[in-house]
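Numbering (full-length UniProt numbering), first residue to last: 1 to 182. From the three backbone atoms N, C-alpha and C, an ideal C-beta is built for every residue, glycine too. Note that the coordinates shown come from a computational prediction; the quantities given were computed from them, not determined experimentally. Before any comments, here is the structure.
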């Protein structure tokens with residue numbers, strides 16, 4: 001019913017089934033990866049009014065973290081995880097439940113602070129506006145410096161901005177993580 005891809009690895013379409021609504025994938029942390037894709041297999045449909053919650057448990061933690069959901073209209077999703085930070089197999093759980101329950105979890109996930117919902121939380125506490133601004137400028141500087149010239153065409157800055165917006169869209173907390181790392 002479900003498939004999973006850890007970046008750079010083959011498709012895993014054989015989760016362990018605990019019941020008709022609960023499934024789990026085990027992922028070896030070696031070689032390292034940063035993203036997984038969870039999807040409904042072709043020709044598979046969830047019952048009307050149902051969706052699937054996706055969770056990840058990264059050792060040594062025993063706690064599963066809600067990553068997001070998939071279902072009708074969103075048959076796949078990419079999630080950022082840090083497989084290289086794990087001390088053992090990662091477990092990705094998929095639970096079929098009422099779509100309203102999945103939507104409520106998604107709403108809660110979006111409303112929580114990034115530090116409380118991150119798959120691998122950073123320990124800096126809150127990130128100040130000054131640190132966040134420095135992270136943005138550092139990101140732009142590093143990109144523009146890669147052109148190896150003191151004169152940078154406006155198109156290069158526009159390319160950085162488009163890339164920056166896409167990063168924010170894919171991972172809204174990436175700047176907080178960079179700022180927390182210094």
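CA-to-CA distance, residue j to residue i, given in whole angstroms
i, j, result
"residue 71", "residue 51", "4 Å"
"residue 90", "residue 1", "20 Å"
"residue 140", "residue 49", "44 Å"
"residue 38", "residue 169", "18 Å"
"residue 144", "residue 158", "10 Å"
"residue 75", "residue 40", "6 Å"
"residue 100", "residue 138", "41 Å"
"residue 109", "residue 34", "20 Å"
"residue 45", "residue 112", "30 Å"
"residue 42", "residue 19", "21 Å"
"residue 47", "residue 161", "41 Å"
"residue 104", "residue 65", "15 Å"
"residue 73", "residue 27", "27 Å"
"residue 77", "residue 142", "29 Å"
Beta-carbon separation (whole angstroms), residue i vs residue j, contact threshold 8 Å
i, j, result
"residue 94", "residue 15", "7 Å"
"residue 31", "residue 8", "7 Å"
"residue 12", "residue 23", "So it is not a contact: roughly 11 Å between Cβ atoms."
"residue 102", "residue 69", "4 Å"
"residue 156", "residue 164", "That pair is no contact at about 12 Å."
"residue 21", "residue 136", "The Cβ separation is near 43 Å, so there is no contact."
Residue i - containing beta strand (DSSP E), residue span
i, result
"residue 92", "90 to 98"
"residue 26", "22 to 27"
"residue 41", "Premise fails: residue 41 is in no beta strand (DSSP E) and is neither H nor E."
"residue 33", "Here residue 33 belongs to no beta strand (DSSP E), and DSSP marks it neither H nor E."
"residue 69", "65 to 70"
"residue 184", "Past the boundaries of the shown model lies residue 184; the chain is included only from 1 to 182, so the question cannot be answered."
DSSP state of residue i mapped onto helix, strand, coil
i, result
"residue 54", "strand"
"residue 140", "helix"
"residue 16", "strand"
"residue 7", "coil"
"residue 111", "helix"
Contact set for residue i: own chain, Cβ-Cβ below 6 Å, skip 5 residues either direction
i, result
"residue 67", "54, 56, 79"
"residue 5", "11, 37"
"residue 3", "11, 13, 39, 41"
"residue 171", "80"
"residue 152", "144"
Continuous alpha helix (DSSP H) stretch holding residue i: start and end
i, result
"residue 168", "154 to 170"
Cβ neighbours of residue i in the same chain (closer than 8 Å, five flanking residues each side left out)
i, result
"residue 63", "57"
"residue 88", "29, 59, 60"
Sequence-distant residues of the same chain with beta carbon closer than 7 Å to residue i, five excluded per side
i, result
"residue 98", "49, 50"
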